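Working notes for the structure below.
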Amino acid sequence: MKHFLYLHLLSARQALVKILRQPFGSLLSLLMLSVALALPLALYLGVESTQAWVGKLTATPQISLFMELSAEDADLAAVKSSLAGNPKVKSVSFVSKAEALAGLEKRNGLDGLAADLDSNPLPDAFVVTPVTLEPGELEMLQKELSGLPMVESAQFDASWAKRLYGMVELVRHLTLFLGAALGLALVLVTHNTIRMQILAHRDEIEVSKLIGASDNFIRRPFLYHALWQGILAGLIAWGLTGWLVATANPAVREFAQLYNEQLELRTLTPFELLAMLAATGVLAMLGARLAANHHLRQIEPH
Amino acid sequence: MIQFDQVTKRYPGGNEALKNLSFAIDSGEMVFLAGHSGAGKSTLLKLIAGIERATSGGVLVNGQNLSKLRPSQLPYVRQHIGLVFQDHKILFDRPVFDNVMLPLNIIGFDRRDAAKRVRAALDKVGLLGKEKSMPIHLSGGEQQRLCIARAVVHRPSILLADEPSANLDRAYALDIMELFKSFHQVGVTVVISAHDETLMEDYGRRIIRLREGQFAA
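As given, the protein sequences belong to chains G and S, one line each in that order. Numbering-wise (UniProt numbering), the first sequence opens with residue 1 and increments by one. Numbering-wise (UniProt numbering), the second sequence opens with residue 1 and increments by one.
The following block contains the structure:
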């Protein structure tokens with residue numbers, strides 16, 4: 001058992017040394033693999049980073065009810081009681097035109113704006129939180145509320161967020177598809193690398209077989225070579241996306257601030273990194289195993 | 001030790017290399033295989049080493065019937081056999097020392113002891129001073145000695161040599177034969193094939209003569 005482990009350690013070390021000793025050839029295939037891996041990885045991080053934010057937007061859909069500018073207190077009271085009596089309405093908050101103006105000043109740093117205006121151009125508004133989350137019912141409620149007396153319009157705040165959510169879903173599917181496609185590419189590229197290696201070591205394999213090497217013994221260094229290649233490619237891809245996230249984040253923050261939101265792309269968690277390295281390692285070994293099974297059979301003796 | 005029981009070997013294409021051959025070689029015996037090229041000498045050695053499998057009949061080596069073993073078990077049979085090839089099958093991409101180390105790596109020998117074993121084997125064949133040389137710088141005779149060192153480094157119980165002296169002049173060939181004799185003297189079963197019988201007759205050992213896959217009269 002100890003010997004078995006020792007042999008594996010030896011193979012692992014020799015394979016790594018081999019990759020590091022011929023940096024140019026292995027660097028090319030490593031770079032190719034890592035660039036291919038970095039693409040779905042960056043998409044994944046983009047989706048994961050925005051998802052919580054988009055989810056928050058869509059999870060609490062609100063309908064803003066803007067009153068006519070000429071609406072009187074009596075009209076407000078009528079709408080308020082009608083909303084209070086509506087079973088489809090969960091809660092209502094009232095934002096008076098004065099509050100809205102003050103909020104606008106504060107948010108945008110426009111102190112003294114109110115003083116410059118002859119009259120407040122903003123309407124009174126009710127922010128309605130509906131009971132349902134179902135898009136169809138929300139739309140019906142929106143129509144119903146817009147029909148209330150002295151209501152100028154009922155805006156469904158979540159509609160644009162829903163569109164965004166849909167887009168994120170689309171990108172997420174794209175990520176899965178790309179991930180699968182490039183996982184396959186990883187298998188095929190390692191298959192090819194190992195095939196070339198086996199052909200280059202044909203003599204050594206033949207002699208080793210003749211003097212009693214088992215198939216496992218012969219396969220082992222190639223599998224380790226593939227394992228390292230997969231792991232190194234994963235690490236480089238991780239570095240590439242880390243760099244991408246770091247350079248993209250200032251722009252993302254700026255964009256999010258336009259909507260008064262905090263948004264940042266994140267990098268992989270340690271768990272995600274480990275999972276990814278495990279996946280690239282296993283896929284690479286799969287490619288190597290397929291290549292080894294196919295080509296070792298062609299070398300005498302059988 | 002080695003026993004053939006009505007062994008026939010037919011290659012794909014119908015060429016019958018061995019025809020219904022039965023014989024036994026005792027443990028510790030030194031035997032010569034004689035016959036022209038194509039008589040079946042190489043095939044016979046390959047059957048003993050489990051490199052080829054008999055079409056019919058039983059091949060017993062160290063008490064194991066090779067015909068009944070799964071292909072995946074054959075390498076382990078080979079680990080107890082030393083093979084000397086006519087074309088040496090030396091790896092030219094590594095020094096002499098590493099060539100001899102190869103069988104020890106395969107059977108998983110302890111590394112420190114392995115180096116001692118390699119030097120002992122090289123000493124035995126007179127190549128100790130050349131352990132760091134690349135095989136391309138060795139003469140034909142030295143390459144054959146290297147091949148022998150590799151065949152004996154793991155101390156096999158059986159040593160098979162296929163035309164070990166075929167490309168060597170007589171003096172070198174005699175040296176090689178003396179080497180094999182010395183392994184025989186320490187108890188190794190040795191089977192040597194050659195087409196030149198004059199070398200064998202000096203040794204007074206049993207000679208198995210083959211012609212077209214059968215015993216020659």
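Beta carbons are placed, not taken as given, at the ideal position from N, Cα and C, and that holds for glycine. Computed from a prediction, not measured in an experiment: that's the story for all the values here.
Quick check on this structure: which residue in S:D98, S:D26, S:R155, S:K124 has the alpha carbon closest to the alpha carbon of S133 of chain S?
Start at 1 with the first residue of the second sequence, and residue 133 of chain S comes out as number 133. Residue S:D98 holds the alpha-carbon nearest to the alpha-carbon of S133 of chain S among S:D98, S:D26, S:R155, S:K124.
Under the three-state reduction of DSSP, which class applies to Q22 of chain G: helix, strand or coil?
One-based indexing of the first sequence puts residue 22 of chain G at position 22. DSSP places Q22 of chain G in coil when its eight states are reduced to three.
I'd like to know if the stretch 13-33 of chain G and the stretch 115-131 of chain G are in contact, where contact means that at least 3 CB-CB pairs between them fall below 8 Å.
Too few Cβ pairs lie closer than 8 Å, so no.
Between the stretch 79-98 of chain G and the stretch 166-185 of chain G, do at least 3 Cβ pairs fall closer than 8 Å?
With a cut-off of 8 Å, the stretch 166-185 of chain G and the stretch 79-98 of chain G do not count as touching, because too few Cβ pairs lie within range.
Can you find a CB in chain C that lies within less than 8 Å of the CB of P301 of chain G?
The displayed structure is made up of protein chains G and S, and chain C is not among them.
If A38 of chain G and T241 of chain G are in contact, beta carbons under 8 Å, what's the gap, nearest whole angstrom?
Here the question's residue 38 of chain G lines up with position 38 in the first sequence. Here the question's residue 241 of chain G lines up with position 241 in the first sequence. Sure, about 5 Å apart at Cβ, within 8 Å.
If I measure Cβ to Cβ from V131 of chain G and keep anything under 6 Å in the same chain, skipping five residues before and after, which residues do I get?
What you label residue 131 of chain G is simply residue 131 of the first sequence in a count that begins at 1. If the five residues before and after V131 of chain G are omitted, its C-beta is found closer than 6 Å to the C-beta atoms of K88, K90, all from its own chain and listed in chain order.
DSSP-derived helix/strand/coil call for K162 of chain G:
Taking the first residue of the first sequence as position 1, residue 162 of chain G is located at position 162. The answer is helix: DSSP assigns K162 of chain G an H, G or I state.
Taking Cβ-Cβ distances below 9 Å as the criterion, which residues of the stretch 75-93 of chain S are in contact with chain G?
For the stretch 75-93 of chain S, which is checked against every Cβ of chain G, the residues closer than 9 Å are P75, Y76, V77, R78, Q79, H80, I81, G82, L83, F85, K89, I90, L91, F92, D93.
Does I211 of chain G come out as helix, strand or coil in the three-state DSSP assignment?
Here residue 211 of chain G refers to the residue found at position 211 when the first sequence is read from its first residue. Coil, per DSSP.
Are the C-beta atoms of G40 of chain S and some chain G residue less than 8 Å apart?
Residue mapping note: residue 40 of chain S aligns to position 40 of the second sequence, counting from 1. By this cut-off, G40 of chain S is not an interface position.
Can you pull the DSSP bridge partners for residue 305 of chain G?
Summary: the structure shown does not reach residue 305 of chain G, with chain G confined to residues 1 through 302, and so no result is reported for it.
Along the stretch 202-220 of chain G, what residues have a CB closer than 8 Å to any CB found in chain S?
For the stretch 202-220 of chain G, the beta-carbon criterion of a distance under 8 Å to any beta-carbon of chain S is satisfied by D203, E204, E206, V207, S208, K209, L210, I211, G212, A213, S214, D215, F217.
Taking C-beta pairs closer than 9 Å, name the residues in chain G that L102 of chain S reaches, listed in chain order.
Numbered from 1 along the second sequence, position 102 holds the residue referred to as residue 102 of chain S. Within 9 Å Cβ-Cβ: E204, V207, S208, I211, A213.
Should V189 of chain G go down as buried or exposed, given a rule of 16 or more other Cβ atoms within 10 Å for buried?
Indexing the first sequence from 1 puts residue 189 of chain G at position 189. With 16 or more other Cβ atoms within 10 Å, it is buried.
Report yes if the CB atom of V207 of chain G is closer than 8 Å to the CB atom of K9 of chain S, and no otherwise.
By 1-based counting over the first sequence, the position of residue 207 of chain G is 207. By 1-based counting over the second sequence, the position of residue 9 of chain S is 9. Going by C-beta atoms, V207 of chain G is not nearer than 8 Å to K9 of chain S.
Please confirm whether S165 of chain S has its beta-carbon closer than 8 Å to some beta-carbon of chain G.
Reading the second sequence from its first residue, position 165 is the one you call residue 165 of chain S. No, no contact with chain G.
What residue from S:S22, S:V96, S:D87, S:N15 has the CA that sits closest to L138 of chain S's CA?
As a working note, residue 138 of chain S is residue 138 in the second sequence. Among S:S22, S:V96, S:D87, S:N15, the Cα nearest to that of L138 of chain S belongs to S:V96.
So what's I51 of chain S in DSSP terms, helix, strand or just coil?
Reading the second sequence from its first residue, position 51 is the one you call residue 51 of chain S. Reduced to three states, the DSSP call for I51 of chain S is coil.
DSSP on T198 of chain S, reduced to helix/strand/coil?
By 1-based counting over the second sequence, the position of residue 198 of chain S is 198. DSSP places T198 of chain S in helix when its eight states are reduced to three.
Check whether A15 of chain G and H295 of chain G have beta carbons under 8 Å apart:
For the purposes of this step, residue 15 of chain G is identified with residue 15 of the first sequence, where counting begins at 1. For the purposes of this step, residue 295 of chain G is identified with residue 295 of the first sequence, where counting begins at 1. Annotated as distal: A15 of chain G and H295 of chain G, with beta-carbon spacing of 8 Å or more.
C-alpha gap between S81 of chain G and A102 of chain G, whole angstroms
Here residue 81 of chain G corresponds to residue number 81 of the first sequence, with the count starting at 1. Here residue 102 of chain G corresponds to residue number 102 of the first sequence, with the count starting at 1. The alpha-carbon atoms of S81 of chain G and A102 of chain G are separated by roughly 26 Å.
Tell me, which residues are paired with K9 of chain S by DSSP?
Reading the second sequence from its first residue, position 9 is the one you call residue 9 of chain S. DSSP lists S:L18 as partners of K9 of chain S.
Compare the C-beta of S72 of chain S against all C-beta atoms of chain G and say whether one is closer than 8 Å.
In the second sequence, counting from the first residue as 1, residue 72 of chain S sits at position 72. Chain G, which has a Cβ nearer than 8 Å to the Cβ of S72 of chain S, makes this yes.
Tell me, please, which residues DSSP counts as bridged to L160 of chain S.
Residue mapping note: residue 160 of chain S aligns to position 160 of the second sequence, counting from 1. In the DSSP output, where bridge partners are listed per residue, L160 of chain S has S:L83, S:V191.
For a minimum of 3 consecutive residues, which ranges assigned as the beta strand (DSSP E) are wholly contained in the stretch 111-150 of chain G?
Along the stretch 111-150 of chain G, the beta strand (DSSP E) occurs as fully enclosed runs of 3 or more residues at 125-130, listed in sequence order.
With respect to the beta strand (DSSP E) encompassing F66 of chain G, which residues constitute its N-terminal and C-terminal limits?
For the purposes of this step, residue 66 of chain G is taken as the residue at position 66 of the first sequence. For F66 of chain G, the uninterrupted beta strand (DSSP E) segment begins and ends at 63-67.
Run of the alpha helix (DSSP H) containing V152 of chain S, from where it starts to where it stops
Indexing the second sequence from 1 puts residue 152 of chain S at position 152. Counting along the chain, the alpha helix (DSSP H) containing V152 of chain S begins and ends at 140-152.
Can you list the residues of chain G that I51 of chain S reaches, using a CB-CB cut of under 7 Å?
Indexing the second sequence from 1 puts residue 51 of chain S at position 51. L210, P301, listed in chain order.
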